[in-house]
Structure formats: C-alpha cells, structure tokens
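In the numbering used here, the protein residues as written are 9 to 152.
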C-alpha cells in the first residue's frame, strides 16, 4: 500500500458503501473490509424536510453495517468537501475491530427528513454490493 494512505480507516455507512460512488469521490480508495458498528443505528436527517441523508445516531444494542476504506489525504479532502464538513457534518473518531477509524456524522441540529429516492437507490446498491440486507435502509426511513 502506498505511503500516502492515511493511518486511519474511513468508515462508510451510507452512499459511500456504493463502490462506484466512493471511487468517483476518492479514486485511490481501497475497500478493506466490512463490519458491524455496535450501539448505533441509521437515521435520515437533513437541512429541510425533503433533502435528507443517512447519518448514525446512538442506539444501545443496535448495529449498523459499515465498510472500512483506506484513503489518501487527497481523498479525505474530497470527502470533506462532499460532506460539507463545516456546515452539516462533523468527524467522529472511533475504534472498530482494533482499527482506528473516522466517519462523518450529521450535526445534531438537523431534524428528521425524507431522503431523495435516487440517493436511497445509491445506498441500496452499496448494501447489495457489500452483501448487506437493504431492509435496514427501509427501517431508517421510518425511524425518528
């Protein structure tokens, strides 16, 4: 693996589970493995009622399917830009299976929202590509 990869893994749980989507943002990204993140669940939140995106929220006993990616500094800059880091999302650092990871979490000020069907289809395809049951995405639509 080239030296320019970050030491932390990027933890994806939504549209960046979709391999084509992720590679379009982060061309050097390498999918390392999939896993389950404990004590979190998926929710759809957004700046207004009709522009929602998946995010992680605390939920004791729940689990979320995730993928771990190795990315470069340039990839991270692209993710920061695509995730509107300064306005909508913040970075959370965590350890999963002994690996240091980071992910983007929507700021808590944003309310529950409805996701665009095209966005949810990108997420659904990512779930299928990684061997996850997309029923969990349907559950997120009806949460909170």
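For every residue, glycine included, the Cβ atom is placed at its ideal position computed from N, Cα and C.
Keep in mind it's a predicted model, so treat the numbers as computed, not measured.
- Per DSSP, reduced to three states, the secondary structure at residue 127 is helical.
- Cβ atoms of residue 138 and residue 73 come within 8 Å of each other, at about 7 Å.
- By the Cβ neighbour-count rule, residue 126 is exposed, with fewer than 16 other Cβ atoms within 10 Å of its own.
- Within the segment 67-107, the complete alpha helix (DSSP H) segments of 4 residues or longer fall at 81-90, listed in chain order.
- Note on residue 56: under 16 other CB atoms within 10 angstroms of its CB, so exposed under the neighbour-count rule.
- Across the set 20, 149, 34, 102, the C-alpha of 34 shows the shortest separation from the C-alpha of residue 89.
- In summary, residue 147 is exposed, with fewer than 16 beta-carbon neighbours lying within 10 Å of its beta-carbon over all protein chains present.
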